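Take a look at the structure set out below.
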Amino acid sequence: MRVVLIGFRGSGKTAVGKRLAGALRLPWIDTDAAIEARAGMGIPAIFAERREAGFRALEREIIAALPADGCVVSAGGGAVLDPENVAHLRAGSAVFFLRAPPAVLEARVRGSDRPALTAFSPAEEVRVLLAERTPAYRSAADVCVDTGERGVGEVCEAILSALFAGTVPRASCLRSLDAIVRMVPSAAERANLCTLLCSKENPLRRLFAITGFPCAHSKSPLLYNHLFSRFNLNYYYTLLEWPDVGDVIDLVRTLDIRALSVTIPHKSVVMAHLDEIDAHAAAIGAVNSVLNCGGILSGYNTDWIGVKMPLDDVEGSRAVVIGAGGAAAAAVYALRDRGMEVCILNRTEGRAAALASRFGCEYGPLAALPALDADVLINATPVGMGDDGRSPVPQEHLREGMCVFDLVYTPPQTPLLAAAEKRGCRTIPGTEMFVYQAKAQFALFTGIEVEPALIRRLLQ
Ligand code: NAP
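Residue numbers for the sequence shown follow the numbering used here, beginning at 3 and rising by one.
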């Protein structure tokens, strides 16, 4: 067993780590102390001599060389900002994020000799760094434990209980079997999941799921379960296909499901059931990712990153988006984030007008396309999907050098992309949006960065 404690300075990692190591009869490793021993000087001297970059380099070496098993590790407060550290800390470990309100942390670290990392006052520094680091702590943890109002003994008890009894009371698991039977679309998967929940072995295995209606066709379980075993994470990803997302969220809370991918038709409706919505998701008006940190459910959107990243090296300042639904909102947000002028064209012009007014864009009917001279054209309608042999844009309206991104991803080569290639356009298939949104979502759910090439390979 390897237990890793992460969190801000003052969250209790040292006191809890020592006590926990004693209770488990395991050695305790404090990465900051290991860095000081390696450097032969204290942390203030390391910062003075080698600056923060030198300290972080030592920290990476120490974390990469930690024993794979049989210890309790208290990791430095900034360690999880580096995804490689997260991958090392997580492999085969149970990771606990010890959190506390800023005022509590500030009172606990007052008078510390640790060097300042910002030009702010100590109290302000706690607030600024905590806001910056909390997303990384949440993503990198298996379990979030509040230490604000608990003593060291109580926090240790909570951790030991999670390690040996799991995060979900057995009665809740048994009560939820009925909901699982209703929501999980295949008999084999239902049996698998019921066995997993009823088993007393491996109690800390955390559940993840995709929810939508339908979503049985989703490739996400295959992708995620492969990545979980590749990074040695004690996780399992399943499907919850159900028309009422409120019921799904109830199950997430009861079973303490760690995170949820959300797909059509739940992306907007789910927002009302969550405790927090991040700023990007709020602006887009849709959530495709939910992270559960100690019962607080936060909503995020990674679809817009899936549109933004494949366009990273595309030049030009004018874009046209065809469609005005959820995918179009993510696309427009991504293009506006790149500083592009956007015109939204849609079959129902009123919907284009409504979306355009939210993002400060132009809009029009589909017939306006020939008059527009765009550098980037994005199809955010289902036209061309599956057996639909139509293209949403006649070939003569595509011009050489234009970048055409079709968000439809089945088939990968759509009629629009085939026509665009013939016209000498640069083309981006919808599979790239899936790859980059999945990369961002995996980082959100685990704190680990995956190469896009690996995701592409796993999806083939
Ligand atoms: P949505 O919210 O239902 O919006 C669909 C849009 O397409 C609406 O603007 C609709 O126009 C328009 N449309 C539908 N049928 C049309 C037709 N026959 N001719 C012209 N316009 C038509 O759907 P969405 O969630 O935005 O998804 C749109 C597409 O993006 C889907 O094909 C989906 O597969 C794709 N997508 C891809 C990814 C990825 O990872 N690659 C992710 C999300 C979505 P009206 O307003 O007139 O109805």
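Where is the CB? At the ideal position from N, CA and C, for every residue including glycine.
Quick caveat: nothing in here was measured; it's all calculated off a predicted structure.
Exercise. Assign HIS219 to one of two classes, buried (16 or more other C-beta atoms within 10 Å of its C-beta) or exposed (fewer than that).
Key: Label assigned to HIS219: exposed.
Exercise. For SER291, decide whether its Cβ has a neighbour in chain B, counting only Cβ atoms nearer than 7 Å.
Key: Absent from the structure is chain B; it holds one protein chain and no more.
Exercise. Let me know the secondary structure DSSP gives GLU151 once reduced to three states.
Key: coil
Practice problem: Please find out if some non-hydrogen atom of ligand 1 comes closer than 6 Å to the beta-carbon of LEU198. | Solution: no
Quiz item: DSSP on VAL250, reduced to helix/strand/coil?
Solution: helix
Quiz item: Just the Cα atoms here: how many angstroms apart are LEU313 and GLY362?
Solution: 21 Å
Exercise. Count the other CB atoms, across all protein chains shown, that sit within 10 Å of the CB of LEU165; report buried if there are 16 or more and exposed otherwise.
Key: buried
Exercise. For ALA376, I'd like the list of residues in its chain whose CB is within less than 7 Å of its CB, leaving aside the five on either flank, ordered along the chain.
Key: ARG320, ALA321, VAL322, MET404
Quiz prompt | Enclosing alpha helix (DSSP H) for LEU337 [first to last residue] | solution = 328–339
Quiz item: If you drop the 5 nearest sequence neighbours on each side, which residues of the same chain put their C-beta closer than 6 Å to that of PHE10?
Solution: GLY79, LEU107, LEU132
Quiz prompt | Cβ neighbours of ALA330 in the same chain (closer than 6 Å, five flanking residues each side left out) | solution = Within the same chain, ALA330 has close Cβ partners VAL323, ALA382.
Quiz item: Hey, would you say the C-beta of ASN348 is under 6 Å away from at least one heavy atom of ligand 1?
Solution: yes
Practice problem: Under 7 Å Cβ to Cβ from LYS441, same chain only, skipping five residues before and after it: list those, please. | Solution: VAL452, PRO454, ILE457
Quiz item: PHE361: beta carbon under 6 Å from a heavy atom of ligand 1?
Solution: Not under cutoff, so the answer is no.
Exercise. List the residues that DSSP assigns as beta-bridge partners of ARG62.
Key: BP columns for ARG62 are empty, so no partner.
Practice problem: Could you tell me the distance, in whole angstroms, from the CA atom of ARG192 to the CA atom of LEU262? | Solution: 18 Å
Quiz item: Which of helix, strand or coil does DSSP assign to CYS175?
Solution: In the three-state reduction of the DSSP assignment, CYS175 falls in the helix class, which pools H, G and I.
Quiz item: Within 10 angstroms of its Cβ, does GLN439 collect 16 or more other Cβ (buried), or is it exposed?
Solution: With 16 or more Cβ atoms within 10 Å of its Cβ, GLN439 is classed as buried.
Self-check item: GLU453, DSSP secondary structure in three states
Solution: Assignment of GLU453 by DSSP, reduced to helix, strand and coil, places it in the coil class.
Quiz item: Can we count PHE447 as close to ligand 1, meaning its CB is less than 6 Å from some heavy atom?
Solution: Every heavy atom of ligand 1 is 6 Å or more from the Cβ of PHE447, so no.
Quiz prompt | Limits of the unbroken beta strand (DSSP E) element including THR350 | solution = Unbroken run through THR350: none, as it is neither H nor E.
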